């Protein structure tokens, strides 16, 4: 059975409505009808209730009875014999049937009482009938009178009389989208989220065809804590499997961050149907486990970007056992994984880090924030295999010491980004090793490392000439350190000396006079005066200053 046959037999509208909700907010039809005229006809018993207008004049009749007073006849408005508006007292009018009957009865009684006047009366009656016939032919009400009477109808929008034309079907008017080419509509759709695209596909046939254009589905983003993500991924990948029923080759990026309902079933669906996947983000998805992650890495051999931060069930023991036991473990050696974020995976330890380093040796960006079980031994395994690391974050890893930093310094000199914030066991010794080997360093974050002083800072700025961003907040930095920065790091763009209580106005002023390229300066909790603040503003025109002194505003 081909994919087209399966697509026709599947009620995708109902499935996506259950998943993503009603599409009423996107119900902008491409062929919208014009204003529907209000039916104002009164059923004529002589016409068996089928007359909606007067056939001779083309004037629409009325069926409304919400007037002041009531309509005295059930006949057409334009029939002079039957037209008339009765007051609440129902007084007969000149054209009503009751008035004609009353006039005939009075004439008959008068002829009986005066027989000698019969001949004259007959003549008069003939003349009178001729006059009545003549008046009945020319007694059609004036258009102004009709409109004046219709104004008495109590409606929110009073109907308009369409004189001189027969009632016809409402003329359809084109939607503005009809004047746009398919390419332009697809370009507009490219700015919509996955949820919005699924809703737009249920508006009309044109939008259904364009909303499933393959160029719109290289990326899937589902960020909802209530969405059944497993079912959504299964339906989307099945719908997008055009020529290959079992796999979906057009999807390259999937983002399901913060989806609490994502389970291993969803990851199994991705691993089976998305072989060309290059980027996957499952941040804060606490229900996925090691086995599903292993299957995904094994099958998606083109995966380059993986973010599993906050996935608490990703443990090093299960991950190591899965890799060693399964026969397809050799696939991990073929993974071209460049970016890996395992921050907040609190169960990751040195053994798990060793396995990852062995099978993901091409890593260039690795973030292990708040992985509290990692020690210097884990860094030793990492540096032995991942020699091409450019960005590394081990902030809030309290078990890392200077020995681990010494292992990092033995890597190839490609390290550009290093964050060791709140690793309070690191001192000037470790920083000096970094300065000696990592000559391409551009970003260094030592915030909270209280054992770091001006000595290691001097070594860093003298050796790492490409340094552009430095965070030494809560470190033992004084004005001497700022003098060194002003002299050897004139191209510095971002600097944080938050809570460096030994810094004074003199150090900040000298820094501002030499580092004109500063774009961001954090001096929170520093005891500085307004003069230092004004000096920075004067010399660094584009600098954003973060401070806690209310007198600076």
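Numbering (full-length UniProt numbering), first residue to last: 1 to 553. The beta-carbon is built from N, C-alpha and C at its ideal position, and this holds for glycine as well. This structure is a prediction, so every number in the text was calculated from the model and none was measured.
Exercise. In three-state DSSP terms, what is residue 493?
Worked result: It is coil, neither helix nor strand.
For this session: Consult DSSP for residue 296 and reduce its assignment to one of helix, strand or coil.
Result: If DSSP states are grouped into helix, strand and coil, residue 296 belongs with the helices.
Problem set entry | Paired residues, beta bridge with residue 520 - DSSP | Within the DSSP secondary-structure output, residue 520 pairs in a beta bridge with 494, 544.
Exercise. Apart from the five residues just before and just after residue 256, which ones in its own chain have a Cβ nearer than 6 Å to its Cβ?
Worked result: Only 222, 229, 262, 282 meet the Cβ criterion.
Problem set entry | C-alpha distance - residue 388 paired with residue 272, whole-angstrom precision | Each residue's CA atom was taken as its position, placing residue 388 and residue 272 some 30 Å apart.
For this session: State the DSSP-derived secondary structure class of residue 476, mapped to helix, strand or coil.
Result: Residue 476 sits in a strand when the DSSP states are folded into three classes.
Exercise. Going by alpha carbons, who is nearest to residue 469 out of 258, 417, 292?
Worked result: Selected option, being the one with the closest Cα: 417.
Exercise. Where does residue 537 sit, in a helix, a strand or coil, going by DSSP?
Worked result: The answer is helix: DSSP assigns residue 537 an H, G or I state.
Exercise. Starting from residue 445 and walking both ways along the beta strand (DSSP E), at which residues does that stretch end?
Worked result: 443–445
Exercise. Going by the CB atoms, is the gap between residue 471 and residue 442 shorter than 8 Å?
Worked result: no
Exercise. Roughly how many angstroms separate the alpha carbons of residue 513 and residue 550, rounded to a whole number?
Worked result: 24 Å
Problem set entry | Test item: CB-CB of residue 350 and residue 375 under 8 Å | yes
Problem set entry | Unbroken beta strand (DSSP E) run spanning residue 195, endpoints | Premise fails: residue 195 lies in the alpha helix (DSSP H), 194–200, not in any beta strand (DSSP E).
For this session: Out of 517, 547, 520, point me to the one whose CA is closest to residue 529's CA.
Result: Out of 517, 547, 520, 547 has the C-alpha closest to the C-alpha of residue 529.
Problem set entry | Start-to-end residues for the alpha helix (DSSP H) that takes in residue 365 | Note, residue 365: premise wrong, no alpha helix (DSSP H); beta strand (DSSP E) at 365–367.
Problem set entry | Buried or exposed (CB count within 10 angstroms, at least 16 for buried), residue 544 | exposed
Exercise. Considering only residues of the same chain and omitting the five flanking positions on each side of residue 532, which have a CB-CB separation below 7 Å?
Worked result: 505, 508, 509
For this session: With a 10 Å radius around its C-beta and 16 neighbouring C-beta atoms as the bar for buried, classify residue 118 as buried or exposed.
Result: Caution applies to residue 118, whose pLDDT of 49 falls short of 50 and renders its modelled position unreliable; the model cannot decide the point.
Exercise. Looking only at DSSP bridge pairs, what is residue 219 linked to?
Worked result: 253
Problem set entry | Delimiting residues of the beta strand (DSSP E) encompassing residue 281 | Per DSSP, the continuous beta strand (DSSP E) segment holding residue 281 begins and ends at 279–281.
Problem set entry | Limits of the unbroken alpha helix (DSSP H) element including residue 208 | For residue 208, the enclosing alpha helix (DSSP H) stretches over residues 205–211.
Exercise. By the 10 Å Cβ neighbour count, where 16 or more other Cβ atoms means buried, how is residue 485 classified, buried or exposed?
Worked result: buried
Problem set entry | Which of helix, strand or coil DSSP assigns to residue 457 | Helix, per DSSP.
For this session: Can you grab the Cα-Cα spacing for the pair residue 195 / residue 359, in whole Å?
Result: 36 Å
Problem set entry | For residue 518 and residue 552, the rounded distance between their alpha carbons | Going by C-alpha positions, residue 552 is about 18 Å away from residue 518.
Exercise. With DSSP run on the structure shown, which of helix, strand or coil describes residue 336?
Worked result: coil
For this session: Starting from residue 391, follow the beta strand (DSSP E) in both directions and report where the run begins and ends.
Result: Note, residue 391: beta strand (DSSP E), 391–393.
Problem set entry | Alpha carbon of residue 426 to alpha carbon of residue 235, nearest angstrom | Looking at the two C-alpha atoms, the distance is approximately 50 Å.
For this session: Please name the residue or residues paired with residue 470 in a DSSP beta bridge.
Result: 444, 495
For this session: Could you pull the start and end residues of the beta strand (DSSP E) that residue 419 belongs to?
Result: That run of the beta strand (DSSP E) goes 417–419.
Exercise. Tell me the DSSP bridge mates of residue 341?
Worked result: 307, 367
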